[in-house]
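J.: The following block contains the structure, expressed as structure tokens.
Residue numbers (full-length UniProt numbering): 1 to 118.
So this is what it looks like as structure tokens:
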């Protein structure tokens, strides 16, 4: 059965993804596994404002046939990532400042997560 996010999880994940977007300037890429078609979880991420959502069907023991659609989703994901990287590498970036900002962001999010669990 499909995992449905609670309101609390929805809010926390949406906040994290939006902060990530603000920090990096890149709309996050979301990969959902075990779903070939439209899913409630995909719709949930769409409601969060995410656009780069990829549903990738896993190869399993019972479903191990190579299917073009499975490969195309993965190849499209990789193409989109490379296009995004290429676009952002054209910007002038101070990598030391960026690394400090990203590290601070991750520490802040980890602390908030720990605080919310207690």
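All C-beta atoms in this analysis are idealised placements derived from N, C-alpha and C, irrespective of residue type, glycine included.
Since the model is a prediction, treat every value here as computed from it, not as a measurement.
1. Report the residue from 105, 56, 65 whose alpha carbon sits nearest the alpha carbon of residue 22.
2. With distances taken Cα to Cα, identify the nearest neighbour of residue 73 among 14, 113, 35.
3. Hey, how far is the Cα of residue 9 from the Cα of residue 48?
4. Quick check on DSSP: helix, strand or coil for residue 52?
5. When the Cα atoms are used, what is the spatial distance from residue 63 to residue 70?
6. Helix, strand or coil: which one does DSSP assign to residue 124?
7. Does the stretch 75-88 come close enough to the stretch 38-45 to have 3 or more Cβ pairs within less than 8 angstroms?
8. Check whether the Cβ atoms of residue 100 and residue 26 lie closer than 8 angstroms to each other.
9. What is the C-beta distance between residue 56 and residue 31, in whole angstroms, given that I count them as a contact (C-beta under 8 angstroms)?
10. Using DSSP with H/G/I as helix, E/B as strand and the rest coil, what is residue 5?
11. Can you give the beta carbon distance from residue 50 to residue 17, rounded, assuming they're within the 8 angstroms contact cut?
12. In this structure, does DSSP put residue 65 in helix, strand or coil?
T.: Checking against the coordinates, here is how it stands:
1. Translated into the one-based positions of the chain shown, residue 22 becomes position 22. Here the closest residue by C-alpha is 105.
2. If you number the chain shown from 1, residue 73 lands on position 73. Nearest of 14, 113, 35 to residue 73, Cα basis: 35.
3. Indexing the chain shown from 1 puts residue 9 at position 9. Indexing the chain shown from 1 puts residue 48 at position 48. C-alpha separation (whole angstroms): 12 angstroms.
4. Along the chain shown, read from residue 1 onward, the residue named residue 52 stands at position 52. Per DSSP, reduced to three states, the secondary structure at residue 52 is strand.
5. Numbered from 1 along the chain shown, position 63 holds the residue referred to as residue 63. Numbered from 1 along the chain shown, position 70 holds the residue referred to as residue 70. Distance between the alpha carbons of residue 63 and residue 70 is about 11 angstroms.
6. Not covered by the structure: residue 124. The range shown for the chain is 1 to 118.
7. Taking a cut-off of 8 angstroms for Cβ pairs, the stretch 75-88 and the stretch 38-45 do not touch, as fewer than three such pairs fall below it.
8. Taking the first residue of the chain shown as 1, we reach residue 100 at position 100. Taking the first residue of the chain shown as 1, we reach residue 26 at position 26. Taking C-beta atoms as the reference points, residue 100 and residue 26 fail to come closer than 8 angstroms.
9. Numbered from 1 along the chain shown, position 56 holds the residue referred to as residue 56. Numbered from 1 along the chain shown, position 31 holds the residue referred to as residue 31. Going by Cβ atoms, the distance from residue 56 to residue 31 rounds to 6 angstroms, so yes, they are a contact pair.
10. Within the chain shown, residue 5 is the residue found at index 5, counting from 1. Residue state, collapsed to three classes: coil.
11. Taking the chain shown and counting its residues from 1, one reaches residue 50 at position 50. Taking the chain shown and counting its residues from 1, one reaches residue 17 at position 17. Contact holds; Cβ gap of about 6 angstroms.
12. The sequence position of residue 65 within the chain shown is 65, counting from 1. Collapsing the DSSP output to three states places residue 65 in coil.
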